[in-house]
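Data block below; observations after.
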Ligand SMILES: [Zn+2]
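Residue numbers (the numbering used here): -8 to 75.
The following block contains the structure:
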């Protein structure tokens, strides 16, 4: 069992696999992720800031998907931005 901290609501939860969001927030996560994927399909060379502007999420969140290995860096050009 892993003890995880949800990145959305910062609730502590346990799961069998390492996870970044709790069950309640997971669907939120999937929604954002789908939107990012769709956006990148349309505008391939976007950076994190452009994505966050277009979708109304923070660039920090976009970079988190990258860190989690859910976004492929070769599919879009991402810029490292300063820590918030
Ligand atoms: Zn949560």
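Glycine residues also receive a C-beta, built at the ideal position from the N, C-alpha and C atoms. Here the structure is a predicted model, which means the values were calculated and not measured.
Assignment of alpha helix (DSSP H) within the region 28 to 69, counting only whole runs of 4 or more residues, yields 39 to 46, 50 to 58 in chain order.
Residue 3 and residue 53 have their alpha carbons spaced roughly 22 Å apart.
For ligand 1, no non-hydrogen atom lies closer than 6 Å to the CB of residue 28.
Inter-segment contact for the region 24 to 32 and the region 40 to 58 is present: three or more beta-carbon pairs are separated by less than 8 Å.
Here residue -7 carries a strand assignment [DSSP, helix/strand/coil].
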